[in-house]
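*Asks:* Numbering follows my numbering, in which position 101 of the sequence shown is assigned residue number 112; successive positions increment by one, without gaps.
My questions all concern the structure below.
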Amino acid sequence: MAFGTMLLQLGGGMLVSVLIYVSTAVLAVPLALPLAFARMSKYRALRLPSAAYISFMRGTPLMLQILVVYFGPWYLLGIRIDFSYKLYAVIIAFALNYAAYFAEIYRAGIESIPIGQREAAQVLGYTKAQAFFRIVMPQVVKRILPPMTNEAITLIKDTSLAFAIGVMEMFTYARQIASAQKSMLPLAAAAAFYYIFNAAVAWLMGRFEKRLAYYR
Numbered sequence: 012m013a014f015g016t017m018l019l020q021l022g023g024g025m026l027v028s029v030l031i032y033v034s035t036a037v038l039a040v041p042l043a044l045p046l047a048f049a050r051m052s053k054y055r056a057l058r059l060p061s062a063a064y065i066s067f068m069r070g071t072p073l074m075l076q077i078l079v080v081y082f083g084p085w086y087l088l089g090i091r092i093d094f095s096y097k098l099y100a101v102i103i104a105f106a107l108n109y110a111a112y113f114a115e116i117y118r119a120g121i122e123s124i125p126i127g128q129r130e131a132a133q134v135l136g137y138t139k140a141q142a143f144f145r146i147v148m149p150q151v152v153k154r155i156l157p158p159m160t161n162e163a164i165t166l167i168k169d170t171s172l173a174f175a176i177g178v179m180e181m182f183t184y185a186r187q188i189a190s191a192q193k194s195m196l197p198l199a200a201a202a203a204f205y206y207i208f209n210a211a212v213a214w215l216m217g218r219f220e221k222r223l224a225y226y227r
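Rendered as structure tokens:
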């Protein structure tokens, strides 16, 4: 196989990896916020289920969760699994998993803000929602950016787990080409793709962090 053809195949796989990455971020980042609020709630009916969910999702392998989401409809409900469901199953599993991690990052960031700031805002006439989104949340964003960057970098590498149910992302293509050609070159090219993408994510997050430096 020519080098250019190999790069085209890997590039197609990279597009699938990026699709999983972006879809997970779009779903997991907002889903994590109400999950974090439930985790911090004074009501046991909210706090205990959310704590159990976060513990389970963080304590079991992501690959296992992908398999459960994909095969669950058939084994539990008898629903026939369509081939096109594979990619959706991966995205659902990733979003549910990463929402648990992001929720803990949110919780740590929110609890790191002194409660006096919220009390002072309420004295000035802010509602609880206004105090949170105008005063607390901007500071939380600044504090959680480093751990969120770490999770964002881990996410693109975790997309390789999609091979467990046959989703043809970049790592799967690289593995197949390397096996067919008996060469390490496809794997090296895949590593370069991953590294460049992660470097771009780290750079963008770093720029965003510098723009929020005035909260120091």
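All residues carry an ideal CB built from backbone N, CA and C; glycine is no exception.
1. Would you please state the rounded distance, in angstroms, between the beta carbons of F105 and T35? I believe it to be under 8 Å.
2. Taking 8 Å as the cut-off, does the segment 143-159 touch the segment 115-132 (at least 3 CB pairs, one atom from each stretch)?
3. Look at the alpha carbon of P197 and the alpha carbon of L26, and state the distance between them as a whole number of angstroms.
4. Please report the distance separating the alpha-carbon of R91 from that of L38.
5. What did DSSP end up calling R154 once you bin it into helix, strand or coil?
6. What residues in its chain sit with their C-beta under 7 Å from that of N209, if we drop five residues either side in the sequence?
7. Report yes or no: do the segment 106-114 and the segment 63-73 share at least 3 C-beta pairs separated by less than 8 Å?
8. Would you tell me roughly how many angstroms separate the C-alpha atoms of S28 and S171, rounded to the nearest one?
9. Once DSSP output is grouped into helix, strand and coil, what is the label at M195?
10. Got a sec, what are the start and stop residues for the alpha helix (DSSP H) P84 sits in?
11. Beta-carbon separation of D169 and L73 under 8 Å?
12. Grab the span of the alpha helix (DSSP H) containing R69 for me, first residue to last.
13. Of all the options A100, G217, V178 and Q141, which has the alpha carbon lying nearest to the alpha carbon of P158?
14. Rounding to the nearest angstrom, what Cα-Cα distance links Y226 and A189 in this structure?
15. Suppose the cutoff is 7 Å on Cβ atoms and the five residues either side in sequence are ignored; what does the same chain contact list for L98 look like?
16. What distance in whole Å lies between the Cβ atoms of L21 and A211, which are believed to be in contact at a cut-off of 8 Å?
17. DSSP state of Y226, grouped into three classes?
18. What is the rounded straight-line gap between the Cα of Y7 and the Cα of Y81?
19. R50: which of I146, Y117, R129 and L75 sits nearest, CA to CA?
20. Specify, as a first and last residue, the run of the alpha helix (DSSP H) that I10 falls within.
*Replies:* To lay it out plainly:
1. Rounded to the nearest angstrom, the Cβ distance from F105 to T35 is 4 Å, consistent with a contact under 8 Å.
2. Contact annotation: the segment 115-132 touches the segment 143-159, with at least three C-beta pairs closer than 8 Å.
3. For P197 and L26, the distance between alpha carbons rounds to 16 Å.
4. Going from the Cα of R91 to the Cα of L38 covers about 25 Å.
5. For R154, the secondary structure class from DSSP, reduced to helix, strand or coil, is helix.
6. Closer than 7 Å at the Cβ level, and outside the excluded window around N209, lie I164 and I167.
7. Yes, the segment 106-114 is in contact with the segment 63-73.
8. S28 and S171: Cα-Cα distance of roughly 8 Å.
9. Of the three classes helix, strand and coil, the one that applies to M195 here is coil, per DSSP.
10. Where P84 is concerned, the enclosing alpha helix (DSSP H) stretches over L73 to L88.
11. Yes, the Cβ-Cβ distance between D169 and L73 is below 8 Å.
12. Annotation: the continuous alpha helix (DSSP H) that includes R69 extends over R55 to G70.
13. The shortest Cα separation from P158 among A100, G217, V178 and Q141 belongs to G217.
14. Bear in mind that the predicted position of Y226 carries a pLDDT of just 48, short of 50, making it too unreliable to give a figure here.
15. So the list reads V178, once near-sequence residues are dropped.
16. That pair is no contact at about 17 Å.
17. Residue placement at Y226 is poorly supported in this model, since its pLDDT is 48, which falls under 50; the coordinates still yield a value, given next. Residue state, collapsed to three classes: helix.
18. Residue 7 is absent from the structure shown; the chain starts at 12 and stops at 227.
19. Answer by Cα proximity: Y117.
20. Here the chain covers residues 12 to 227 and nothing more, so residue 10 does not appear.
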